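I have placed the structure first, in the form of structure tokens, so that the comments after it can refer back to it.
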Amino acid sequence: MIAEFLDTQGNAGIIISISIILLAGFLCTRISKKLHFPNVSGYIISGIFIGPCVLHLIPSDIIQGMDFMTDIALAFIAFGVGKYFKKETLMKQGGKVMIITIFEALTAGLCITLSMVLLFHLPWSFSLLLGAIGCATAPASTIMTIRQYHAKGNFVDTILQVTALDDAVALIAFSICTALVEFMHADQTLQLSIILLPVVWNILAVFIGISFAYILNHIITEHRSDDHRLVITIAMILLLTGVCSCFNISPLLSCMVLGGVYINLSGNKDVFRQVNNFTPPITLTFFVLSGMRLDLHALVSCGLIGIVYFFIRIMGKASGAWAGAKLSHASTNVQLYLGLALIPQAGVSIGLAILGQRILPTYEGTMLSLIILSSAVLYEMIGPACAKLSLKLSGSIQSEPQHKPSHAITAHS
């Protein structure tokens, strides 16, 4: 009823819909806070309630029209992750992070691929793409949880660096698997260039991010006002995201590099603080939209395959993180609890699922998309709680955050 009314109101309907999304997200965090759940869980649940499967307060056309918010939110989140790639920190534990990331990502992907082939006798093409997508970890909800509880320390730095590198590994793995799948579906000779081209594109994404970081550092001088610094930074992040999207290059990787190179060039964290204060409504909208996209009927159609994927990925991430941490002689906390913080999966995985759907035959492509979309939202619901548990067990949370009236709808509320 409400959705039908808003659908006929043009721009007014869009504005009211945005207001409903923000208010629903805020109100659900009041409940999640009482239950000691992270805010992200409240955002996801609010999206399910106001979405098409329950109350249907927002028209489907408006939900689809807000897809660009996903790109914007992930771009800002990726930029924020970049500040944790300071040279001093990388020199201290960069090798360990790389080993852990490769082990946890590829172990999860390999377990998923083999389970699909051996247990369900599904085609290698489907299984490879599902495994590659399963490598990805969404940093957004984990970062929001870290911010909410003001967690700090070596364990937190490791989480942030692993989740940041994780998407790069997933993108490269998916690109290589895509080339292999296309080779399986076509009568052609497998050439080295087919496998190396995705790697080249990701290297290009890194160079684009570095270039934008130097430009940003040159433009933002000591004499710029805070307002101008914020405006310039937002403009550069959006421009970088748009440029990468035009050339089908991952804006996530580029925005991470932008943040990482800029913090090392300038040493200035004020810009990151300003962006962090600007983005809460954007990130809230992103997570509410994720909840709204959950098709409850799709969970039934995925059946046993979806359930196996859901649990195998968690087991693969946890065992891979433990093995990588053990091999790299990381701290005991990292060995025992890192896997709990690597559960969330959205953003990159959803984008890759859409790409994979185009490559596979209709039935397999639809099943791939349903498994990823449905499981991604479920991961986002339990992920923040698991991340909080890992932070608490590792001693990274000193005390529960106190309510601050001036931050009513931010990640810290």
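When you line the sequence shown up against the numbering used here, it's residues 16 to 428, in that order.
Every residue, glycine too, gets a C-beta built ideally from N, C-alpha and C.
Quick caveat, the model's predicted, so the values are computed rather than measured.
query: Unbroken alpha helix (DSSP H) run spanning residue 41, endpoints; result: 26-49
query: Inter-residue spacing [alpha-carbon to alpha-carbon] between residue 150 and residue 24; result: 42 Å
query: Beta carbon of residue 65 nearer than 8 Å to that of residue 88; result: no
query: Sub-8 Å separation of residue 277 and residue 211 beta-carbons; result: no
query: Where residue 15 sits in the DSSP three-state scheme; result: In this structure the chain extends from 16 to 428, so residue 15 is not present and cannot be described.
query: Reduced DSSP secondary structure (H/G/I, E/B, other) of residue 83; result: helix
query: Separation of residue 359 from residue 335, as counted between CA atoms; result: 16 Å
query: contact_flag[the segment 289-303, the segment 78-95] where n(CB pairs < 8 Å) is 3 or more; result: yes
query: Inter-stretch contact (C-beta, 8 Å, three-pair minimum) for the segment 118-134 and the segment 317-335; result: yes
query: Chain-order list of residues whose beta-carbon lies under 6 Å from that of residue 57 (same chain, five-residue window excluded); result: 43, 44, 47
query: Where the alpha helix (DSSP H) through residue 190 begins and ends; result: 169-199
query: C-alpha distance - residue 111 paired with residue 351, whole-angstrom precision; result: 15 Å
query: Rounded C-alpha distance that separates residue 61 from residue 199; result: 42 Å
query: Proximity below 8 Å, CB of residue 182 to CB of residue 254; result: no
query: Residue 342 versus residue 117: straight-line alpha-carbon distance, rounded; result: 12 Å
query: Host alpha helix (DSSP H) of residue 163 (start-end); result: 154-163
query: Proximity of residue 140 and residue 299 at Cβ, strictly below 8 Å; result: no
query: Three-way DSSP call (helix, strand, coil) for residue 303 in this model; result: helix
query: Span of the alpha helix (DSSP H) around residue 401; result: 377-408
query: Coil, strand or helix - residue 344 by DSSP; result: coil
query: Residue environment, residue 318, which counts as buried when at least 16 other CB atoms sit within 10 Å; result: exposed
query: Counted within 10 angstroms of its Cβ, other Cβ atoms place residue 284 as buried (16 or more) or exposed; result: exposed
query: Close-in-space but distant-in-sequence residues of the same chain around residue 405 (CB under 6 Å, 5 per side omitted); result: 352, 355, 356
query: Stretch pair the segment 321-331 + the segment 388-404: three plus CB contacts closer than 8 Å; result: yes
query: Proximity of residue 102 and residue 279 at Cβ, strictly below 8 Å; result: yes
query: C-alpha gap between residue 421 and residue 345, whole angstroms; result: Because residue 421 sits at a pLDDT of 41, beneath the cut-off of 50, its placement in the model cannot be relied upon, and the following sentence gives the value as read from the coordinates. Going by the C-alpha atoms only, they are around 39 Å apart.
query: Proximity below 8 Å, CB of residue 306 to CB of residue 392; result: yes
query: Burial state of residue 173, where buried means 16 or more other Cβ atoms lie within 10 Å; result: buried
query: Cβ neighbour criterion (16 or more within 10 Å) applied to residue 106; result: exposed
query: Residue 303 versus residue 153 - alpha carbon distance; result: 15 Å
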